[in-house]
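Chains E and Y, in that order, are what the protein sequence lines are.
For the first sequence, the working numbering assigns the number 8 to the initial residue and increments by one for each residue that follows.
For the second sequence, the working numbering assigns the number -8 to the initial residue and increments by one for each residue that follows.
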Amino acid sequence: KNEVEQSPQNLTAQEGEFITINCSYSVGISALHWLQQHPGGGIVSLFMLSSGKKKHGRLIATINIQEKHSSLHITASHPRDSAVYICAVPETSGSRLTFGEGTQLTVNP
Amino acid sequence: KAGVTQTPRYLIKTRGQQVTLSCSPISGHRSVSWYQQTPGQGLQFLFEYFSETQRNKGNFPGRFSGRQFSNSRSEMNVSTLELGDSALYLCASRGNPGQGYEQYFGPGTRLTVT
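If you want it as structure tokens, here you go:
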């Protein structure tokens, strides 16, 4: 069993749809990163959260520490949201990240 | 504030050669971590440096090494390159302990070994 599991692995949506990506983890401290990677591109940190919910524009991330589960939601999805979304959990020291396998999101116009 | 920068962005090397990649963290950040991303293995932690000392190391062979300078810039070196070392190498910087766990990633160096 992977230490950080994401679902789904692939997701295709129509523009405007509400999207949810899930992440469950069995390791790490009580915090989690959501990262975004466009094709051929580097990685952008979207959120780091250790409790509750964070919102940035159309993106919302939630975390349940007790259940070790987090979700990333995208409201009113747009083709420019097409990317790989990765969750990552830092170990106790805070620096070493363990990554999920990523969710490839494609939003069609 | 400038972000994390990595040089070079692209590199092509031949098997058996060695390569050095550079990472400059965000000004004021003293922690630099390196990661390797391959299609087969995904993202994997290589090592972390803080104040010129290696603090943590991933499960990679000794051909992978790194160092950090007094200005917090970091380099990683891969010797005796193998085809499987072809990957995107990312570095990330983090503030000082107590400033949170958020890491800021550079654009990466794409290494191709032929």
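C-beta atoms are modelled at their ideal positions from N, C-alpha and C, and glycine is treated no differently.
Source: prediction; values computed, not measured.
Delimiting residues of the beta strand (DSSP E) encompassing residue i
i        : result
E:Gln73  : Element bounds for E:Gln73: n/a, residue is neither H nor E.
E:Pro97  : 90 to 97
Y:Leu102 : 100 to 104
Y:Asn50  : Note, Y:Asn50: premise wrong, no beta strand (DSSP E); not H, not E.
Y:Arg85  : 78 to 85
Y:Glu66  : 65 to 69
Chain Y within 8 angstroms of residue i, Cβ atoms only
i        : result
E:Ser33  : no
E:Gly109 : yes
Chain E within 8 angstroms of residue i, Cβ atoms only
i       : result
Y:Pro30 : no
Y:Tyr1  : no
Y:Gly99 : yes
Interface partners of residue i on chain Y, CB under 8 angstroms
i        : result
E:Leu53  : Here the premise fails: no neighbours, minimum Cβ distance about 11 angstroms.
E:Arg103 : Ser24, Phe36, Glu39, Asn47, Gly49
Partners in chain Y for residue i, counting only beta-carbon separations shorter than 7 angstroms
i       : result
E:Ile50 : Leu81, Phe96
C-beta contact flag for residue i and residue j at 8 angstroms
i        : j         : result
Y:Glu66  : Y:Thr(-2) : no
Y:Phe38  : E:Leu104  : no
Y:Val108 : Y:Arg21   : This structure does not reach residue 108 of chain Y, given that chain Y is present from -8 up to 105, and the question cannot be answered.
E:Lys75  : E:Thr69   : no
Y:Phe60  : Y:Glu43   : yes
E:Ala95  : E:His40   : yes
Y:Leu72  : Y:Lys4    : yes
E:Ile50  : E:Tyr92   : no
Y:Arg58  : Y:Ser15   : no
E:Thr82  : E:Phe25   : yes
E:Ser102 : Y:Phe96   : no
E:Val114 : E:Glu12   : no
Y:Gly99  : Y:Leu81   : yes
Y:Tyr26  : Y:Arg101  : no
Listed by chain order, chain Y residues near residue i by CB distance under 9 angstroms
i       : result
E:Phe25 : Near E:Phe25 there are no residues of chain Y at all, since even the closest Cβ is about 26 angstroms away, more than 9 angstroms.
E:Ile93 : Gly33, Leu34
Proximal chain E residues relative to residue i, where beta-carbon distance stays under 7 angstroms
i       : result
Y:Glu93 : Ser52, Met55
Only counting runs of 3 or more residues, tell me where the beta strand (DSSP E) segments fall wholly within the region 30 to 69 of chain E, in order along the chain.
39 to 44, 50 to 56, 59 to 63
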